[in-house]
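Report on one structure; see the data block that follows.
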Amino acid sequence: MPSFQRMLCLAKFELYRLFLTKRGALALVAFATAWFLILRYLVSSAATIVSSKMFQDMAEQVFGMLGLSELLTWEVPELAIYWLVAVYSFPVFSLFAASDQTCADRTRGTLRFISLRASRVEIVCGRFAGQLAIMAILIALTLVATSLMAAYNNSEILIVAITQSLYLFTALFIVILPFVGLMTFINSFVRSSRLALVLSLLFFGLGPLIIALLEYKLAGAASLNYIFPGIQISDIVDPQNTATINHFIPIIQAAAYLLLANIIMKRSAL
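Convert by adding 44 to the 1-based position in the sequence shown; the result is the number in my numbering.
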């Protein structure tokens with residue numbers, strides 16, 4: 045029976061590696077710098093940009109074709125711009141952040157030492173939970189910064205900003221689940237975080253091409269596209285599209301990748 049306490053300890057170690065080591069601090073500085081630029085030069089000007097007649101005319105045409113014109117009606121324009129940026133950038137960032145869950149430990153031989161004190165299921169689930177905790181903290185920090193910026197521009201929308209931020213946090217957290225799960229799966233059999241990133245790039249780059257070729261031979265091959273994390277993102281970007289299936293897809297994908305990671309980890313040599 046997996047121990048929750050041991051999984052919690054392994055998850056805490058992931059937080060320690062990010063927040064209390066030099067390498068983790070460097071990654072945080074890079075993340076903070078990128079989001080400072082996004083907030084400073086894009087999100088902070090959201091109210092001015094959205095209220096511009098030229099932008100509204102252009103956005104009605106572009107967003108209208110994409111089914112995103114509802115974003116123009118958000119009471120907090122800063123969160124509308126944030127949502128468009130975050131829903132695509134956080135999945136990519138999560139691949140980089142979660143690329144070294146067990147690779148370094150496997151190379152150094154410390155994974156074998158850890159396995160003497162925790163089962164392989166606990167290692168996989170603990171590291172997965174740790175990466176999710178990291179992403180949850182980073183998403184929350186960017187949402188807090190965006191909400192404070194919106195309140196600074198217009199103090200009357202603070203409550204609306206907080207309410208909408210809670211929804212966006214939940215939606216973004218669900219979106220990144222399968223991306224972290226995919227890296228957990230890849231980490232179950234590779235020894236390098238760089239190789240894990242290369243494999244994920246090949247997976248997203250060549251995978252759709254292979255499935256497209258299979259569609260000419262097999263009628264139901266199109267359903268194989270559901271193995272790719274983020275397949276539902278284009279649907280959930282539209283705030284009017286609240287279909288429950290769009291939230292279940294990433295959860296099912298994450299569970300499947302976690303199951304595969306556990307199977308491979310149990311059968312592989314450490």
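Beta carbons are placed, not taken as given, at the ideal position from N, Cα and C, and that holds for glycine.
The straight-line gap separating the alpha-carbon atoms of P135 and Q276 is approximately 12 Å. Secondary structure note for F172: its alpha helix (DSSP H) is the uninterrupted segment R164 to N197.
Every alpha helix (DSSP H) of 4 residues or more that sits fully in the segment 235–267 is shown, in chain order, as 237–258. In this structure, V224 sits away from Q297, with a CB-CB distance that is not shorter than 7 Å.
Considered as a whole, the segment 45–80 harbours 48–63 as its complete alpha helix (DSSP H) runs of no fewer than 4 residues, in chain order. Taking a 10 Å sphere around the C-beta of L160, we find fewer than 16 other C-beta atoms and assign the residue as exposed. Inter-residue distance for L210 and E119 is about 15 Å (C-alpha atoms, whole angstroms).
Rounded to whole angstroms, the separation of the alpha carbons of S191 and A205 is 6 Å. Judged by DSSP in its simplified three-state form, F233 adopts coil rather than helix or strand. Proximity to L54 across I295, D149, L245 and S312 peaks at D149, based on C-alpha coordinates. No Cβ-Cβ contact shorter than 7 Å links S143 with S232. In the pairwise beta carbon analysis, the segment 292–308 is classified as touching the segment 164–175: at least three pairs are separated by under 8 Å. By the CB criterion at 7 Å, L268 and A130 fall outside the cutoff. R50 and C147 do not touch by the CB rule: their CB atoms are close to 20 Å apart, not below 8 Å. If you draw a straight line from the Cα of P121 to the Cα of R164, it comes to about 46 Å. Rounded to the nearest angstrom, the Cβ distance from L72 to L62 is 7 Å, consistent with a contact under 8 Å. Contact check for A240 against I230 passes: the beta carbons are separated by less than 7 Å. Membership of V129 in the alpha helix (DSSP H) is indicated by the continuous run P121 to A141. The C-alpha of A78 lies about 11 Å from the C-alpha of T186. A direct Cα-to-Cα measurement between A141 and Y60 gives close to 14 Å. I82 places its beta carbon 7 Å or farther from that of S138.
Under the three-state reduction of DSSP, L160 is assigned to coil, being neither helix nor strand. If you look at N290, you'll find it in the alpha helix (DSSP H) that goes I289 to R311.
Between the beta-carbon of M193 and that of V87 there is about 6 Å, and that keeps the pair under the 8 Å contact cut. Using a Cβ distance threshold of 7 Å, L226 and P294 do not count as a contacting pair. Secondary structure of P273 (DSSP, three-state): coil.
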